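Only one structure is covered here, and it is reproduced in the block below.
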Amino acid sequence: MVTVLTDTQTIELPAGRVEGDRLWLSEAELENATGWSSKKEGLCRGDVCVPIPPGREHDFLREGQIDAAAVWGHLGKPVVHSEDASVWVLGEAATERASTLRSLEAPHLTLPDRSGRMHSLSSHRGKKVLLVSWASW
Amino acid sequence: MWQTLYEELKDRNFTVIAVALDSRDGDSLPWIEAANPTYPCLIDREHRVADLYGMVNVPEAVWIDERGRVVRPAEPAGAYEGFRRMDRVKREMPADAARITAEAKATYVNAVRDWVLNGMASEHAFDAERARAHVRAPTEDVARAHVAFRLGQHLTRCGQTEEGDRWLRDASRLHPDSWCMWRQRAGVTELGLASQPDFWARVDALGERKYYARVDMKGMPQ
Numbered sequence: 003m004v005t006v007l008t009d010t011q012t013i014e015l016p017a018g019r020v021e022g023d024r025l026w027l028s029e030a031e032l033e034n035a036t037g038w039s040s041k042k043e044g045l046c047r048g049d050v051c052v053p054i055p056p057g058r059e060h061d062f063l064r065e066g067q068i069d070a071a072a073v074w075g076h077l078g079k080p081v082v083h084s085e086d087a088s089v090w091v092l093g094e095a096a097t098e099r100a101s102t103l104r105s106l107e108a109p110h111l112t113l114p115d116r117s118g119r120m121h122s123l124s125s126h127r128g129k130k131v132l133l134v135s136w137a138s139w
Numbered sequence: 013m014w015q016t017l018y019e020e021l022k023d024r025n026f027t028v029i030a031v032a033l034d035s036r037d038g039d040s041l042p043w044i045e046a047a048n049p050t051y052p053c054l055i056d057r058e059h060r061v062a063d064l065y066g067m068v069n070v071p072e073a074v075w076i077d078e079r080g081r082v083v084r085p086a087e088p089a090g091a092y093e094g095f096r097r098m099d100r101v102k103r104e105m106p107a108d109a110a111r112i113t114a115e116a117k118a119t120y121v122n123a124v125r126d127w128v129l130n131g132m133a134s135e136h137a138f139d140a141e142r143a144r145a146h147v148r149a150p151t152e153d154v155a156r157a158h159v160a161f162r163l164g165q166h167l168t169r170c171g172q173t174e175e176g177d178r179w180l181r182d183a184s185r186l187h188p189d190s191w192c193m194w195r196q197r198a199g200v201t202e203l204g205l206a207s208q209p210d211f212w213a214r215v216d217a218l219g220e221r222k223y224y225a226r227v228d229m230k231g232m233p234q
């Protein structure tokens, strides 16, 4: 069992297989967790495809599985895992964050309130929003 | 701080959304109960809002318009660093520091009101070009800090506190400007404030640099 934290979710992948710094997932699991999949054009999500350099296919794909950590590294995104490799975080690259911030499109955000009810920022469209951080410390 | 403003303006197509960046489960609950706000008060244990919006401290805020467009990117929300001149034993601020702190708060709240009532005609609303110029673009280290931080918080929550703490420390090292990340690990006094010697040492190490980032807003004391 491997737990993967992505930009939008925390997901448990029963069939995930770890081999050192490699995280082998089925293609369906990778797509389910991250939205990225392997196509003939390379690694794709939506309309965006990043080619895999010729001859390096074996670094990413093996026996019907795909190395999510290698995919992430190839996409230039940060990836870390716990010492026992049971928890992985697949993050977003600084360039992506920066371009989203510069687009001025408010990033999607869904968080729970104290009773556990989920709130989405986008459900407040049509209102002006003051999004403010605070902490008890 | 925001309840009065929210009450005043909630019928003008406006809401406050407060996001608690808290270290441990339930830390913020007594505070939420006490303030009993009627606007959404959300819990963000992994600091997603800080990652997505580039926040590094509290209170920081973002103005978002009716179409979901950012009008003012993350910046201190009516905060002034008068606390740096506080008597650390008595926990009292000099009168002028307290006055400027109140002034910063009032200036900010008035600016929010002006924007809510006047929209883009408000002198405090940034046009797209100005808003973009105020964006805090993360570095690669900051992006790496956020993944380390998430892993640290996740492991801590799962009881793996020792390894979790190592990741949190790593995150803070990669993103030294983030007080949010650093304070997750800081000692907490009975007052619920990270005002232990470590905190003051880190504040003092700022020297001439600011604790709260500069706010580009007319009338805001710097």
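Line order of the protein sequences matches chains A and B. Numbering-wise (our numbering), the first sequence opens with residue 3 and increments by one. Numbering-wise (our numbering), the second sequence opens with residue 13 and increments by one. We put the beta carbon where it would ideally sit given N, CA and C, even for glycine. Everything numeric in this text was worked out from a predicted model, so none of it was measured.
Shorter than 8 Å from the beta carbon of residue i to some beta carbon of chain A?
i             : result
residue 218/B : no
residue 163/B : yes
residue 23/B  : no
residue 119/B : no
residue 160/B : yes
residue 80/B  : yes
residue 187/B : no
residue 194/B : no
residue 232/B : no
residue 156/B : yes
residue 1/B   : The requested residue 1/B does not occur in the structure, where chain B is confined to residues 13 to 234.
residue 31/B  : yes
residue 223/B : no
residue 67/B  : yes
residue 123/B : no
residue 34/B  : yes
residue 95/B  : no
residue 116/B : no
residue 139/B : no
Quick one: is residue i near chain B, going by C-beta distance under 8 Å?
i             : result
residue 116/A : yes
residue 71/A  : no
residue 136/A : yes
residue 63/A  : no
residue 75/A  : no
residue 139/A : yes
residue 122/A : no
residue 52/A  : no
residue 59/A  : no
residue 80/A  : yes
residue 103/A : yes
residue 108/A : yes
residue 4/A   : no
residue 133/A : yes
residue 45/A  : no
On the criterion of 16 or more Cβ atoms from any shown chain inside 10 Å, does residue i qualify as buried, or is it exposed?
i             : result
residue 30/A  : exposed
residue 137/A : buried
residue 69/B  : buried
residue 209/B : exposed
residue 126/A : buried
residue 141/B : exposed
residue 83/B  : buried
residue 86/A  : exposed
residue 135/A : buried
residue 21/A  : exposed
residue 131/A : buried
residue 61/B  : buried
residue 18/A  : buried
residue 234/B : exposed
residue 90/B  : buried
Pick helix, strand or coil for residue i, following the three-state DSSP scheme.
i             : result
residue 101/B : coil
residue 61/A  : helix
residue 152/B : helix
residue 21/A  : strand
residue 130/A : strand
residue 3/A   : coil
residue 209/B : helix
residue 36/A  : helix
residue 84/B  : strand
residue 112/B : helix
residue 193/B : helix
residue 94/B  : helix
residue 8/A   : coil
residue 31/A  : helix
residue 131/B : helix
Less than 8 Å between CB atoms is the rule here; does residue i satisfy it with respect to chain D?
i             : result
residue 100/A : In the structure shown, chain D cannot be found, because the protein chains are A and B.
- Which parts of the segment 26 to 73 of chain B are runs of the alpha helix (DSSP H), unbroken and 4 residues or longer, counting only runs that do not cross its ends? 41 to 47, 60 to 65
- Message: What are the residues in the segment 6 to 25 of chain A lying within 7 Å of chain B by C-beta distance?
- Response: Those would be 7, in chain order.
- Report the residue ranges of all alpha helix (DSSP H) runs contained in full by the segment 71 to 109 of chain A; include only those spanning at least 4 residues, in chain order. 96 to 105, all fully within the segment 71 to 109 of chain A.
- Can you give, in chain order, each stretch of the alpha helix (DSSP H) that sits fully within the segment 154 to 186 of chain B and has at least 4 residues? 173 to 186
- Task: Check each residue of the segment 171 to 182 of chain B: if its Cβ is closer than 8 Å to any Cβ of chain A, include it; give the result in chain order.
- Result: Those would be 172, 175, 179, in chain order.
- Query: Listed in chain order, which residues of the segment 85 to 113 of chain B have Cβ atoms closer than 9 Å to some Cβ of chain A?
  - Reply: Flagged, chain order: 85, 86, 89.
- Taking Cβ-Cβ distances below 7 Å as the criterion, which residues of the segment 84 to 97 of chain A are in contact with chain B? 84, 85, 89, 91, 93, 94, 95, 96
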